[in-house]
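See structure below.
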Amino acid sequence: MDKILVIVEHKNGLLKKVSQQILGFISDFCRQSEKKILVLIYGEKIAERLFEEVASWGADEIITIENQCFANYNPAIFIPTIADVIKKNSPQLVFFGNTAVGRDLSPRLAQYFNSYMISDVIDIKIEKDKFCFTRPVYGGKLFEEVETNGELVFVTVRPNSFGNSVNYHKNPHIYNIEPKAITNFSYMVSDILRKESEEKSLSEAEIIVSGGKGLKSAENFVLLEELARVLGAAVGASRSAVDAGWRPYSSQVGQTGKTVKPKLYIACGISGAMQHLAGMSTSQVIVAINKDPEAPIFKVADYGIIGDLFEIVPVLTEELKKIFKD
Amino acid sequence: MKILVLVKETFDTETKIVLENSKKINNEGIKYIINPYDEFAIEEALRIREKFGGEVVIYSVGRRESEVTLRNGLALGADKAKLIVSEKIDSITVSKLLAENITKEEFEIILSGWIAIDDNNAQVPARLSQLLDIPLVNVVTKIDFSDDKIICHREGDNTVEIIKVSPPAMIAVQRGINEPRYPTVKNILQAKKKQIDLIISENNEDINRINITYQLPEVKKAGLIIDGSKPEKAVNILIQKLKEAKVL
Ligand SMILES: Cc1cc2nc3c(=O)[nH]c(=O)nc-3n(C[C@H](O)[C@H](O)[C@H](O)COP(=O)(O)OP(=O)(O)OC[C@H]3O[C@@H](n4cnc5c(N)ncnc54)[C@H](O)[C@@H]3O)c2cc1C
Ligand SMILES: Nc1ncnc2c1ncn2[C@@H]1O[C@H](COP(=O)(O)O)[C@@H](O)[C@H]1O
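Sequence lines, in order, name chains A and B. For the first sequence, position 23 matches number 23 in my numbering, and the numbering has no gaps at all. Residues are numbered in my numbering as their position in the second sequence, beginning at 1, plus a constant of 1000.
Here it is in structure tokens:
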């Protein structure tokens, strides 16, 4: 029987959202097919409730690597063991989230198996043994459709690409494997610094409030932070705002920054240069607040307010506060 | 120290994409640039050379005409360039061609961008490092040297990982690592005389196991534009619409 392997990530005892989205999508599909879902979970400690969560997505098998060596990501340690899992199970597809780990591990494994890899997928169509993957290229100005024919392919999925799925509980077969001993110590992780404020990760956020040159200063970003707090959103920025030193580079959205796909993207004081659109044009709903009616951002906005952000944003924050209080 | 820098020629970021058919992008009148992430790689290579001495060699796989783009890399200060001419520039082919030629080199570091803005793949650095069997540190925002080790800051999701490797190693860089310089007039003039070796690749057999087609994104229908001169009113319309669209 054909198999699909999903390599999941978790944090604080819960699946990362993108892992859950992949599982939901695959689970929906596998209900009508003969394919088997294998899920690989690794970590120093795997919380009990993760098994339930994964089982609720119809996993047939859960393979764990519960080991101290798998506490922190290190490709030199991960590759031999995960490659072994792939060899033993011969899946057709191996899925990762398009995360820091997925983006790094997936192409290494793809090369190890001399296989194709399809990066940053936002849609999948499946017909029997034919898979068709859609992915943005040229900064979202073009979509590439890749059709594969059942051979081993590695895939990374952009967070928030798939909608909600319905749980489908199965009783998976669960087993743990031991990491392979490694002899290659050429890659050493000597420390991991966590960013001070547990800032919401942009690439996984469902709502993003983004600011540009129109914010005029670093201090004014408080306006967006307040709006973001009310919405449970992450704060992004245009390159001009980053270059001005108002926001850290890690919050830059665009061609040379992060690519995001939230449910809602609110662009404040951002003109909408092509290079910015490259990072956010696949968002589900785009709102633009800009005082220039000619600003190109209005061409991609679903809803645009022509006005002064310093007048609009505080009112928006207040009105939303009222709603979320009820 | 000998540093190789991988440079990919890409479309200018302002380019409007036009399709000839579902298999082919029209490249008439396209302006080409160095992939922006590779500019950071070149800059970092130059800084390492300034500190430790040595040589910076650009490696590129692409069309014959990309010589013009590579000259811009030489104008920044790289010593020479090698262009492997190939029609096919998918990640698998590029990595293979680079590996075949780079194994003949003695080098300490290979620098590259972590992703190309055209194909959005982020695959070549990982594939090449596997083929050359050297460590790769991916998505790097800082490089330091200590004794015989290279210490990199790698960008994680909300973390910075400090990674140590020994040369020969590969490092794929992320924006934020440096601010690339502009070419000086002197360097532009010198670049004209610098050497670009052409390497003609054996025509790679086409093992097309996958089928790729292109599609332009649907043109979004015009959005609703709200007059913001009365903020309360505008905001209420917006919130109403967002509720209807089920995003709130
Ligand atoms: C190779 C390359 C890569 C790039 N990569 C990126 C990238 O990754 N991300 C990115 O964002 N950019 C990128 N850029 C830069 C991009 O071209 C633009 O310069 C940048 O996005 C502009 O930022 P902005 O919209 O904040 O500023 P501006 O273009 O200056 O726009 C500011 C906007 O704010 C509006 N405004 C001003 N005051 C107010 C107010 N009080 N109320 C409401 N609106 C107001 C103005 O009308 C204007 O539209 C890149 C450029 C190049 C060449
Ligand atoms: N054709 C190429 N020639 C030289 N280097 C390349 C080529 N393609 C990709 N690279 C390098 O690999 C990095 C990632 O590219 P990609 O895997 O295509 O996203 C780029 O930033 C380049 O440094």
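Cβ atoms here follow ideal geometry from the backbone N, Cα and C, with glycine treated the same way. Model, not experiment: these values are computed from the prediction.
Could you give the distance in angstroms between the alpha-carbon of residue i and the alpha-carbon of residue j?
i, j, result
"A/Glu-204", "A/Asp-2", "30 angstroms"
"B/Thr-1247", "A/Ser-283", "Reading off the sequence shown, one finds Val at residue 1247 of chain B, where the question assumed Thr. Going from the Cα of B/Val-1247 to the Cα of A/Ser-283 covers about 11 angstroms."
"A/Glu-144", "A/Ser-281", "15 angstroms"
"A/Lys-321", "B/Ala-1075", "55 angstroms"
"B/Lys-1016", "B/Leu-1216", "11 angstroms"
"B/Glu-1244", "A/Leu-277", "25 angstroms"
"A/Ser-186", "A/Pro-75", "10 angstroms"
"A/Ile-174", "A/Lys-45", "15 angstroms"
"A/Gly-304", "A/Gly-163", "25 angstroms"
"A/Ser-240", "A/Tyr-168", "46 angstroms"
"B/Gln-1123", "B/Glu-1232", "49 angstroms"
"B/Asn-1254", "B/Ser-1060", "This structure does not reach residue 1254 of chain B, given that chain B is present from 1001 up to 1248, and the question cannot be answered."
"B/Tyr-1214", "A/Glu-318", "44 angstroms"
"B/Arg-1071", "A/Tyr-73", "39 angstroms"
Along the chain, where does the beta strand (DSSP E) that runs through residue i open and close?
i, result
"A/Thr-148", "142-148"
"B/Asp-1227", "1224-1227"
"A/Tyr-116", "116-121"
"B/Arg-1154", "1149-1155"
"A/Gly-43", "36-43"
"A/Pro-136", "130-137"
"A/Asn-290", "285-290"
"A/Ala-300", "Reading off the sequence shown, one finds Val at residue 300 of chain A, where the question assumed Ala. Run containing A/Val-300: none in the beta strand (DSSP E); it sits in the alpha helix (DSSP H), 297-300."
"A/Ile-306", "303-306"
Secondary structure at residue i, three-state DSSP: helix, strand or coil?
i, result
"A/Ala-237", "strand"
"A/Met-188", "strand"
"B/Ala-1169", "strand"
"A/His-169", "coil"
"A/Asp-104", "helix"
"B/Thr-977", "Here chain B comprises residues numbered 1001 to 1248, so residue 977 of chain B is not present and cannot be evaluated."
"B/Arg-1049", "helix"
"A/Thr-317", "helix"
"B/Lys-1246", "coil"
"A/Ile-177", "coil"
"A/Glu-226", "helix"
"A/Tyr-249", "helix"
"A/Glu-219", "coil"
By the criterion of Cβ-Cβ separation under 9 angstroms, what are the contact partners of residue i in chain D?
i, result
"B/Val-1005", "Here the protein chains are A and B, and chain D is not one of them."
Give a yes or no on whether the minimum CB-CB distance between residue i and chain B is below 8 angstroms.
i, result
"A/Gly-232", "no"
"A/Tyr-249", "yes"
"A/Gly-150", "no"
"A/Ile-37", "no"
"A/Val-85", "no"
"A/Gln-284", "yes"
"A/Ser-19", "no"
"A/Ala-301", "yes"
"A/Ala-100", "yes"
"A/Asp-120", "yes"
"A/Glu-34", "no"
"A/Val-253", "no"
"A/Val-94", "no"
"A/Ile-306", "yes"
So with Cβ pairs under 8 angstroms, would you call residue i a contact of chain A?
i, result
"B/Phe-1107", "no"
"B/Lys-1164", "yes"
"B/Asn-1138", "yes"
"B/Leu-1076", "no"
"B/Gln-1195", "no"
"B/Arg-1063", "no"
"B/Arg-1181", "no"
"B/Tyr-1214", "yes"
Which two residues bound the contiguous alpha helix (DSSP H) that contains residue i?
i, result
"A/Phe-78", "75-89"
"B/Asp-1012", "No alpha helix (DSSP H) holds B/Asp-1012; DSSP gives it neither H nor E."
"B/Ala-1126", "1124-1132"
"B/Ser-1095", "1091-1102"
"A/Glu-48", "48-55"
"B/Leu-1189", "1185-1193"
"A/Leu-152", "First-last for A/Leu-152: undefined, no H or E at that position."
Let me check one thing: in DSSP terms, what residues is residue i bridge-paired to?
i, result
"A/Thr-183", "In DSSP, A/Thr-183 forms no bridge with anything."
"A/His-10", "A/Leu-15"
"B/Ser-1146", "B/Lys-1149"
"B/Lys-1164", "A/Met-188 and B/Ile-1151"
"B/Tyr-1214", "A/Glu-144"
"B/Asn-1021", "B/Lys-1024"
"A/Ile-63", "A/Leu-40 and A/Tyr-175"
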